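Residue numbers for the sequence shown follow this note's numbering, so the first one is 157 and each next one is one higher.
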Amino acid sequence: MTSKSDVKKLVKAESERLGFTMRQANGRWEITNPKNGRTSYIPLQAMGRGLDNYRTEIRSLLHDHPTKPSPMVAATDPATEKADTVPRDTWWSVEALLAAAYANGLKPYVSGGILHTPGPVEAKPYADMLHAREAEVIAQLTNTNTATATATTEGDTDVPSIGESAHVTRTKPRDIAADAEALWGLLREAAREQGDVPLTNGNVPGVQWKGALADIIKAVGQGWDSLHEKEVRQYLNRTEHTRCHRPRATPPVWWVALEWNNGGLTITKTTPKPDPRTVAPAATKPKTPAPAVATASPATAGPALRALIGFEQAIQRTEAERDQAIRERDDARAELETVRAERDDLHVKLGVAETERDQARAELAAINAVFARYSGGAA
């Protein structure tokens with residue numbers, strides 16, 4: 157992992173060379189091109205080939221937009237000059253825009269009515285263009301009518317369009333499984349950049365990745381709260397896609413599964429089940445109606461029916477106890493995963509503290525050696 161000072165030197169040098177402005181805001185570097193107003197955000201710390209990606213990201217601010225026509229085309233093509241009144245991200249059709257996004261490494265998909273655009277840092281301008289035309293892109297990816305997905309313009313009716321309703325879907329709860337798969341994809345790419353070193357977790361094959369998971373989450377989890385981040389990490393652990401192999405190493409060593417497979421596990425947020433102790437009596441009422449006793453044979457109705465009802469009640473109590481035990485087990489597993497995550501963080505902090513302690517000891521030993529030489533010379 158590259159130190160924060162190296163990232164700062166890179167950002168400062170590139171900004172001064174290109175005439176950009178830089179400042180630190182919300183835990184990131186904010187670089188702005190004053191000529192065209194474009195802004196980019198760079199994390200304070202890089203991993204792998206992060207410095208090269210940051211340099212490319214900063215230099216991309218020199219260009220107004222990936223779809224801006226060349227000066228020759230703008231000067232000779234009357235149609236292009238007329239298109240200056242239209243937003244630049246509408247110069248391409250949705251099909252051409254998606255083709256360009258795929259060609260630059262983006263993997264857009266729709267989950268829960270929300271557009272996701274995982275991919276490399278260099279392709280961020282294309283991701284911005286996709287989100288700017290999110291309604292049309294979602295309609296294209298889901299094979300719906302794109303003609304009705306365009307947003308209303310000035311002078312159109314005030315009736316909300318499908319494009320406007322598509323933006324409302326961002327208020328829906330996030331898809332934990334989809335976000336977990338996107339995070340795993342970034343981890344898999346990072347492991348591939350480090351050489352795809354084989355590593356197994358039990359009998360499950362995978363690869364090794366060295367780094368801080370929090371840095372990867374910052375790249376993919378924009379807008380995640382702490383609860384959603386915790387649920388995504390638990391999902392990856394419970395589906396056997398990631399595991400901290402050596403938490404005390406600096407940086408930590410992770411195991412990442414080779415392929416994505418959720419193993420049939422899904423996580424959905426629903427209302428909690430009612431207490432089985434209050435459900436069981438209510439469930440037994442419709443099973444013991446008075447007319448059913450009257451229709452039975454007078455010779456066998458009493459003892460047989462009572463025995464059957466008692467047997468059903470025993471089954472219901474057993475099922476309620478089983479459901480309660482399953483809930484308690486899931487709660488215990490969730491608490492265990494939380495404790496493991498906190499333990500991993502403590503191990504990382506302890507490893508950093510031990511490294512700093514060893515450095516301090518080495519410096520102290522060197523200082524003592526210098527004093528010893530001077531003392532011996534004086535004697």
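Cβ atoms here follow ideal geometry from the backbone N, Cα and C, with glycine treated the same way. For clarity, every value in this text was computed on a predicted model and none was experimentally measured.
Partner residues in the beta bridge of alanine 413, as assigned by DSSP, are Gly362. A distance of 7 Å or more separates the beta carbons of alanine 255 and leucine 286. For histidine 272, the number of other beta carbons within 10 angstroms of its own is at least 16, and it is reported as buried. In the DSSP assignment, glutamate 278 is bridged to no other residue. Here tyrosine 391 is not near alanine 346, since their CB atoms are 7 Å or more apart. Of the residues Asp381, Arg394, Ala370 and Lys366, the one whose Cα lies closest to the Cα of proline 408 is Lys366. By the criterion of a C-beta distance shorter than 8 Å, threonine 195 is surrounded in its chain by Glu186, Ile187, Thr188, Asn189 and Leu217, once the five residues flanking it on both sides are discounted. In this structure, the beta-carbon distance from arginine 389 to histidine 503 does not fall below 7 Å.
Per DSSP, the unbroken alpha helix (DSSP H) holding glutamate 387 starts and ends at 382 to 394. Contiguous beta strand (DSSP E) elements confined to the stretch 474 to 513 do not occur, taking only those with 3 or more residues. For asparagine 189, the three-state secondary structure derived from DSSP is coil.
Around the beta carbon of valine 495, a 10 Å sphere encloses fewer than 16 other beta carbons of the protein chains shown; the residue is thus reported as exposed.
In the DSSP annotation of this structure, asparagine 357 is not part of any alpha helix (DSSP H); the continuous beta strand (DSSP E) holding it starts and ends at 354 to 357. In this structure, valine 353 and arginine 289 do not form a Cβ contact; the two beta carbons are roughly 40 Å apart against a cut-off of 8 Å. Cα atoms of glutamate 498 and isoleucine 332: separation of roughly 21 Å, rounded to the nearest angstrom. Glutamine 472 and lysine 280 have their alpha carbons spaced roughly 55 Å apart. DSSP places glutamine 180 within a strand segment (E or B) once states are collapsed to three. In the same chain as glutamine 350, and ignoring 5 residues on each side of it, the C-beta atoms closer than 8 Å to its own belong to Gly204, Gln364, Trp365 and Lys366, in chain order. Within the DSSP bridge table, the entry for serine 531 names no partner.
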